[in-house]
Amino acid sequence: MSRTPHHPTREQIELPMVLDCLSDPIRLAIVYQLAQQERVSSELCCGDFTGLAGKSNLAYHFAKLRECGLMLTRVAGTNRFVRLRREDLDARFPGLLDAVISSAAKDADRLQLLGEFEETAAGGS
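Below, the structure is given as structure tokens:
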């Protein structure tokens, strides 16, 4: 049995599913944080998001993000690494991801999108 999670093809990514997925604050925070880290690293470990929710809750949100086509998951040993499917999303819906991230950035404090993640990434406690 393959440990590689199923990902939809580029053509299978549907706008209503993507928008529905992004309507959840935790999933929006995950996408926002992945986008913020793209300049430094193209992927993050699932454990980097523990400041947002509990482990099982995050697993649920990661699965939803993967199933709708927003995120790619790579398994390496016992670790799972995630990254945005920016190329696929930009090809299917030009400008959508940037518009969502830009809008989320304006409301990051109110939406509590940064939380402990930003503090940990910045080297804080």
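The sequence shown begins at -14 in the numbering used here and counts up by one.
Every residue gets a Cβ at the ideal spot worked out from N, C-alpha and C, and that includes glycine.
Separation of residue j from residue i, as counted between CA atoms
| i | j | result |
| --- | --- | --- |
| glycine 109 | phenylalanine 34 | Its pLDDT being 42, under 50, glycine 109 is placed unreliably by the model, and nothing is read from it. |
| tyrosine 17 | threonine 58 | 16 Å |
| serine 88 | threonine -11 | 32 Å |
| glycine 119 | histidine -9 | Residue 119 lies beyond the stretch modelled for the chain, which goes from -14 to 110, so this question has no answer here. |
| methionine 56 | alanine 38 | 18 Å |
| leucine 13 | aspartate 83 | 13 Å |
Residues near residue i in its chain [Cβ-Cβ closer than 7 Å; skip 5 each side]
| i | result |
| --- | --- |
| alanine 20 | Leu69 and Ile86 |
| serine 27 | Arg68 |
| leucine 81 | Leu74 |
Min CB distance residue i to chain B below 9 Å
| i | result |
| --- | --- |
| leucine 55 | The structure shown contains no chain B, having only a single protein chain. |
Identified DSSP bridge partners for residue i
| i | result |
| --- | --- |
| leucine 29 | Val67 |
Touch test, the stretch 75 to 94 against the stretch 43 to 51, Cβ-Cβ under 8 Å, three pairs minimum: no
Whole alpha helix (DSSP H) elements within the stretch 44 to 94, 4-residue minimum: 71 to 77 and 81 to 91
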